[in-house]
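Q:
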Amino acid sequence: QSVGTQIYMAHQIHKTALVMHSAERMFHLVNDVPRYPEFLPWCAGAEVVEEGEGYRVASLDIAKGGMHHKLTTRNQVQEPESIEISLADGPLKSLTGRWQFHSLDDNACKVILTLDFEFSGSLSRMAFGPVFKYVANTMVDAFCRRADELYGRGSV
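Counted from 1, the sequence shown has number 873 at position 30 by the numbering used here; the numbering is strictly sequential.
1) Beta strand (DSSP E) containing F962: first to last residue?
2) Applying the criterion that 16 or more other CB atoms from any shown protein chain within 10 Å of the CB defines a buried residue, is S937 buried or exposed?
3) Taking just the CA atoms, how far does C987 sit from V862?
4) Considering only C-alpha positions, which residue in the set D948, G995, T916 is nearest to P934?
5) Residues bridged to A860 by DSSP?
6) If you count every other CB in all the chains shown that lies within 10 Å of the CB of R989, and 16 or more means buried, which is it?
7) If I'm right that C952 touches F944 with Cβ under 8 Å, what's the distance once you round it to whole angstroms?
8) Alpha helix (DSSP H) containing L914: first to last residue?
9) Could you pull out every residue in the same chain whose Cβ sits closer than 6 Å to the Cβ of S929, ignoring the five residues on either side in sequence?
10) Please report how far the alpha carbon of L958 lies from the alpha carbon of R996, in whole angstroms.
Right, here's the structure in full:
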């Protein structure tokens, strides 16, 4: 009998941004999953597959560098303060995260994204790792740019 040992490496990404848009606007932008392909270059498709009281299940088709992966998350929604993310299905061993929107005044907020994730094995890490890390590291900036496009650029 062969006994194998797998070593999982946990990763964490923590991004923050101060934006000249209300917490409500930023919340709605992040929560509007079907529009992701309009402005996220790595998102080939996005849909809400289930929705209920305070939650949504959403699937993203992530495509970059010839690689395609489908990632489905269950999102606990607390409008307009936060969106809690947990893995429902996809090429990861685990994924949890949280978007937070802290109002600073009527036209400014602090956006925080924290993601904790593990790949399911070395093959998954090699195939999906660089793509997922790129996606996670560029997400907050992409949403901030989208807010400026939709709502105008705020002034400090």
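C-beta atoms are modelled at their ideal positions from N, C-alpha and C, and glycine is treated no differently.
A: Based on what the coordinates show:
1) 951-962
2) exposed
3) 7 Å
4) Checked all of D948, G995, T916; the closest Cα to P934 is T916.
5) Answer is V954, bridged to A860.
6) buried
7) 5 Å
8) L914 -> not in any alpha helix (DSSP H); beta strand (DSSP E) instead, spanning 910-921.
9) R917, T939
10) 27 Å
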